[in-house]
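A.B. asks: Following this message is one structure expressed as structure tokens.
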Amino acid sequence: MALGWSLLVCVWKGLDFQALLIFVVVFLVLWDYVKNRRPKAFPPAPPGIPFFGNIFTINFKKTHINMTQLAVHYGDVYSLRMAQSWIVILNGYKTVKEALMVQGDSMADRPDTVVHTRVCNNLGLIRCNGYSWKQQRRFTLSTLKYFGVGKKSLEAAILDEFTYLARDIGDRNGKPFNPHLITNYGVANIICSLVFGHRFKYSDQRFRKMMQLFEEAMEIEASIWAQLHSSFSVVMKLLPGPHQEMLKNWEAVKNFVRTEIEQHKKDRDPNELRDYIDCYLTEIEKNKADVAAGFHEENLVMCAVDLFVAGSETTSTTLRWGFLYMAKYPEVQEKVQAEIDWVIGQSRQPSTADRADLPYTDAVIHEIQRVGNIAPLSLPRKATKDIQIGEYIIPKGTDIIPNLTSVMFDKSEWETPDTFNPQHFLDQEGKFVKRAAFIPFSMGKRVCLGENLARMELFLFFTSFLQRFSFFMPDGVKPSMDYSLGVTLTPAPYEICAIPRHPESLREGVLP
48 MALGWSLLVC VWKGLDFQAL LIFVVVFLVL WDYVKNRRPK AFPPAPPGIP
98 FFGNIFTINF KKTHINMTQL AVHYGDVYSL RMAQSWIVIL NGYKTVKEAL
148 MVQGDSMADR PDTVVHTRVC NNLGLIRCNG YSWKQQRRFT LSTLKYFGVG
198 KKSLEAAILD EFTYLARDIG DRNGKPFNPH LITNYGVANI ICSLVFGHRF
248 KYSDQRFRKM MQLFEEAMEI EASIWAQLHS SFSVVMKLLP GPHQEMLKNW
298 EAVKNFVRTE IEQHKKDRDP NELRDYIDCY LTEIEKNKAD VAAGFHEENL
348 VMCAVDLFVA GSETTSTTLR WGFLYMAKYP EVQEKVQAEI DWVIGQSRQP
398 STADRADLPY TDAVIHEIQR VGNIAPLSLP RKATKDIQIG EYIIPKGTDI
448 IPNLTSVMFD KSEWETPDTF NPQHFLDQEG KFVKRAAFIP FSMGKRVCLG
498 ENLARMELFL FFTSFLQRFS FFMPDGVKPS MDYSLGVTLT PAPYEICAIP
548 RHPESLREGV LP
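Mapping of the sequence shown onto the working numbering: position 46 corresponds to residue 93, and the numbering continues sequentially without gaps.
What follows is the structure, encoded as structure tokens:
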């Protein structure tokens, strides 16, 4: 160490400032190169720049497209350097399946990023790891099942919420409107009923503000600002920018949940569990001795927030894509409505029991999910030990991104991957068929815990909408498939016309 310091002093004395500056720059570049060399047998990577790596290789507004395109040049398993860390990108159904299913036990953890640590402090259901994650997930799944998720008993709440949606949309008398907020409110109210024990009026300003902050935070979280914050945390913590607004937004959302928890603590009856919060507060009392399980109030806050992410964002976004695709392909919309009219008619509301008798409608819903591609990059994983995928070795601790876009549009799995085609999910006899490469909720140990709820909501909401309304673009406007990329892939803002198919039923309050 002393010798190295003496050498630098000699260099300082022997060189002028300009030469010293060049020396320092070259030294730092070489240091960066040596420090961040790809390990042996590590997946290939595109060229990067010193210190930043491939951060500027990716257009963060089209991350999923860029990552899919890079696979053409670098293979289904390649890597990207994000500042001082490496991530591995997995592409194609076979590769993703091998990783998440065959190697699933070694990829069950989430990465420990600076952003996620500041947002959730390793709590909740989505980003935490280990024993606590297993206990929280087990409890949540059993509690949601207790309150009807995946069962007929929850249908009434979903169909009741649709009555509010239908009346609000029906009051617009077929005039153009942006469906963004109304679908968000409607779907989020299902989670509110399960978590808080009640729904919110669409005019409730606290509820509206919470939904706005929630959505803005999710969009920023997938932007370059979040990546820079994680890569250069010491500097970024001191700088203003969207990353700071994201943190404030998440804190405001958590405060909204804390208010609900405090109210529950005042009026709950331990012998009458009304919702998720009641059950969790009871679980806290039961698990006081098992500290590692993580049952405490701050974890309840984060679990409730994660349930909103898992159970509302996916469904509301898919519905908005669905309206667009129905307007773009009116012949598909008419065929769905004909099937609904034949099987259900107008005398009753849909039921999940109708799914088996609505193969074309079910196929259309699945195709909307496929091309809508709402979770284009899933959520990242972390290797818990050295693993081999194909010919490459991925060292323990490496972050891994399963590129679901490359699966949902895999040319070896779908007949017409780039075309909206419900026939992907129908056999020659018109019966619905499952497709292995259809994984909008990911797969393996970390499959989305809101999958059952989302599937139930999506079927009942979509079928109810098409039973009651026809969707068209305003005069002179063509459907645009432009999007905005956050944690989810959402349609760009648009307006649509919802024409009641049977106006008399809306006026008379028959259905809904």
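A virtual CB, placed ideally from N, CA and C, is assigned to each residue, including glycine.
If you drop the 5 nearest sequence neighbours on each side, which residues of the same chain put their C-beta closer than 6 Å to that of T364?
C.D. replies: The residue given as residue 364 occupies position 317 in the sequence shown. Excluding positions up to five away in sequence, the list reads I421, T535 and T537.
A.B. asks: Among K109, T510, Y376 and S359, which residue has its Cα nearest to the Cα of N450?
C.D. replies: The sequence position of residue 450 within the sequence shown is 403, counting from 1. Of K109, T510, Y376 and S359, the residue nearest in Cα terms is K109.
A.B. asks: Determine contact between the region 175 to 195 and the region 489 to 503, defined as no fewer than three beta-carbon pairs at a distance below 8 Å.
C.D. replies: At 8 Å Cβ cutoff, the stretches touch.
A.B. asks: Once DSSP output is grouped into helix, strand and coil, what is the label at P538?
C.D. replies: The sequence position of residue 538 within the sequence shown is 491, counting from 1. Strand, per DSSP.
A.B. asks: Is Q65 helix, strand or coil when you go by DSSP?
C.D. replies: Here residue 65 refers to the residue found at position 18 of the sequence shown. Correct three-state label for Q65: helix.
A.B. asks: Between S153, K87 and T104, which lies nearest to P94 when the distance is taken from Cα to Cα?
C.D. replies: For the purposes of this step, residue 94 is taken as the residue at position 47 of the sequence shown. Residue T104 is the option with its Cα nearest to P94.
A.B. asks: Compute the Euclidean distance between the alpha carbons of P526 and Y376, then round it to the nearest angstrom.
C.D. replies: Position 479 of the sequence shown, counted from the start, is the residue given in the question as residue 526. Position 329 of the sequence shown, counted from the start, is the residue given in the question as residue 376. Cα to Cα, P526 sits roughly 10 Å from Y376.
A.B. asks: Output the boundary residues of the beta strand (DSSP E) element that contains S126.
C.D. replies: Here the question's residue 126 lines up with position 79 in the sequence shown. Counting along the chain, the beta strand (DSSP E) containing S126 begins and ends at V124 to M129.
A.B. asks: Just how far apart, CA to CA, sit L188 and D529?
C.D. replies: Sequence index remark: in the sequence shown, residue 188 carries index 141 (1-based). Sequence index remark: in the sequence shown, residue 529 carries index 482 (1-based). Each residue's Cα considered, the two are about 35 Å apart.
A.B. asks: Are C350 and T190 closer than 7 Å when you measure CB to CB?
C.D. replies: Taking the sequence shown and counting its residues from 1, one reaches residue 350 at position 303. Taking the sequence shown and counting its residues from 1, one reaches residue 190 at position 143. Against a cut-off of 7 Å, the Cβ pair of T190 and C350 comes out as no contact.
A.B. asks: To the nearest angstrom, how far is the alpha carbon of L500 from that of W180?
C.D. replies: By 1-based counting over the sequence shown, the position of residue 500 is 453. By 1-based counting over the sequence shown, the position of residue 180 is 133. If I take the Cα positions, the gap works out to 20 Å.
A.B. asks: Are I324 and M293 close, meaning C-beta to C-beta below 7 Å?
C.D. replies: Taking the sequence shown and counting its residues from 1, the one referred to as residue 324 is at position 277. Taking the sequence shown and counting its residues from 1, the one referred to as residue 293 is at position 246. No, the Cβ-Cβ distance between I324 and M293 is not below 7 Å.
A.B. asks: So Y178 and A339 are supposed to be a Cβ contact under 8 Å. How far apart are they, rounded?
C.D. replies: Working through the sequence shown from its first residue, we reach residue 178 at position 131. Working through the sequence shown from its first residue, we reach residue 339 at position 292. So it is a contact: roughly 5 Å between Cβ atoms.
A.B. asks: Going by CA-CA distance only, name the one from L206, H343 and P469 that's closest to F506.
C.D. replies: Start at 1 with the first residue of the sequence shown, and residue 506 comes out as number 459. Of L206, H343 and P469, the residue nearest in Cα terms is L206.
A.B. asks: I need the straight-line Cα distance from N296 to A336, nearest angstrom please.
C.D. replies: Your numbering for residue 296 matches position 249 in the sequence shown. Your numbering for residue 336 matches position 289 in the sequence shown. So the two alpha carbons sit approximately 34 Å from each other.
A.B. asks: On the DSSP letters alone, give me the boundaries of the alpha helix (DSSP H) that Y193 sits inside.
C.D. replies: Here residue 193 refers to the residue found at position 146 of the sequence shown. Segment G177 to Y193, the alpha helix (DSSP H) holding Y193.
A.B. asks: Which same chain residues, not among the five before or five after D314, have their C-beta less than 6 Å away from its C-beta?
C.D. replies: Residue numbering aside, residue 314 sits at position 267 when the sequence shown is read from its first letter. Taken in chain order, the list of residues that qualify is empty.
A.B. asks: Which term fits E555, buried or exposed, when burial requires 16 or more other beta carbons within 10 angstroms of its beta carbon?
C.D. replies: Looking up residue 555 in the sequence shown gives position 508. For E555, the predicted model reports a pLDDT of 42, less than 50, meaning its position is unreliable and no value from the coordinates is stated.
A.B. asks: What are the boundary residues of the beta strand (DSSP E) that S453 is part of?
C.D. replies: The residue given as residue 453 occupies position 406 in the sequence shown. Taken as a continuous stretch (DSSP letters only), S453 belongs to no beta strand (DSSP E), being part of the alpha helix (DSSP H) at L451 to M455.
A.B. asks: Taking the alpha-carbon positions, what's the A410 to I448 distance?
C.D. replies: The sequence position of residue 410 within the sequence shown is 363, counting from 1. The sequence position of residue 448 within the sequence shown is 401, counting from 1. Their Cα atoms are separated by approximately 28 Å.
A.B. asks: Let me confirm a value: T164 is counted as buried when at least 16 other C-beta atoms fall within 10 Å, else exposed. Which label applies?
C.D. replies: Here residue 164 refers to the residue found at position 117 when the sequence shown is read from its first residue. Flag for T164 reads exposed.
A.B. asks: Roughly how many angstroms separate the alpha carbons of V557 and P397, rounded to a whole number?
C.D. replies: Residue mapping note: residue 557 aligns to position 510 of the sequence shown, counting from 1. Residue mapping note: residue 397 aligns to position 350 of the sequence shown, counting from 1. Confidence is the limiting factor: at V557 the pLDDT is only 40, short of 50, which leaves the residue's position unreliable, though a coordinate-based value still follows. Whole-angstrom Cα-Cα distance: 14 Å.
A.B. asks: In angstroms with no decimal places, state the Cα-to-Cα distance between Y372 and P464.
C.D. replies: By one-based count along the sequence shown, residue 372 stands at place 325. By one-based count along the sequence shown, residue 464 stands at place 417. Cα to Cα, Y372 sits roughly 16 Å from P464.
A.B. asks: Alpha helix (DSSP H) containing C350: first to last residue?
C.D. replies: Residue mapping note: residue 350 aligns to position 303 of the sequence shown, counting from 1. It spans E344 to F355 - the alpha helix (DSSP H) in which C350 sits, taken as one unbroken run.
A.B. asks: For the beta strand (DSSP E) that contains Y530, what are its first and last residues?
C.D. replies: Counted from its first residue, the sequence shown places residue 530 at position 483. Counting along the chain, the beta strand (DSSP E) containing Y530 begins and ends at Y530 to L532.
A.B. asks: Under 6 Å Cβ to Cβ from A264, same chain only, skipping five residues before and after it: list those, please.
C.D. replies: Looking up residue 264 in the sequence shown gives position 217. Result list for A264: M293, N296 and W297, in chain order.
A.B. asks: Is the Cβ-Cβ distance between A430 and I441 less than 7 Å?
C.D. replies: In the sequence shown, the residue the question calls residue 430 occupies position 383. In the sequence shown, the residue the question calls residue 441 occupies position 394. Yes. Within cutoff.
A.B. asks: Looking at the structure shown, is R84 part of a helix, part of a strand, or coil, going by DSSP?
C.D. replies: What you label residue 84 is simply residue 37 of the sequence shown in a count that begins at 1. Of the three classes helix, strand and coil, the one that applies to R84 here is coil, per DSSP.
A.B. asks: Let me make sure I understand the geometry here. Which of I102, R157, T115 and D218 has the alpha-carbon closest to that of D446?
C.D. replies: Taking the first residue of the sequence shown as 1, we reach residue 446 at position 399. Ranking I102, R157, T115 and D218 by Cα distance to D446 puts R157 first.
A.B. asks: Note down the Cα distance separating Y249 from T399, rounded to an integer number of angstroms.
C.D. replies: Here residue 249 refers to the residue found at position 202 when the sequence shown is read from its first residue. Here residue 399 refers to the residue found at position 352 when the sequence shown is read from its first residue. One C-alpha to the other measures close to 26 Å.
A.B. asks: If I measure Cβ to Cβ from F519 and keep anything under 6 Å in the same chain, skipping five residues before and after, which residues do I get?
C.D. replies: As a position in the sequence shown, residue 519 is number 472, starting the count at 1. Closer than 6 Å at Cβ, skipping near neighbours: A374 and C544.
A.B. asks: State whether the region 241 to 256 contacts the region 379 to 395, with contact taken as three or more CB pairs (one from each stretch) at a distance under 8 Å.
C.D. replies: Result no; under three Cβ-Cβ pairs closer than 8 Å.
A.B. asks: Would you check if the distance between the CB atom of L473 and the CB atom of H111 is smaller than 7 Å?
C.D. replies: In the sequence shown, residue 473 corresponds to position 426, counting from 1. In the sequence shown, residue 111 corresponds to position 64, counting from 1. In this structure, H111 does not lie closer than 7 Å to L473 by Cβ.
A.B. asks: Where does the unbroken beta strand (DSSP E) through F518 begin, and where does it stop?
C.D. replies: Here residue 518 refers to the residue found at position 471 when the sequence shown is read from its first residue. Run containing F518: F516 to F519, per the beta strand (DSSP E) assignment.
A.B. asks: Quick one: using the 10 Å Cβ neighbour count with 16 as the cut-off for buried, is A66 buried or exposed?
C.D. replies: In the sequence shown, counting from the first residue as 1, residue 66 sits at position 19. With fewer than 16 other Cβ atoms within 10 Å, it is exposed.
A.B. asks: Excluding the five sequence neighbours on either side, which residues of its own chain have a C-beta within less than 6 Å of the C-beta of L201, listed in chain order?
C.D. replies: Mapped onto the sequence shown, residue 201 falls at position 154. These residues qualify, in order along the chain: G195.
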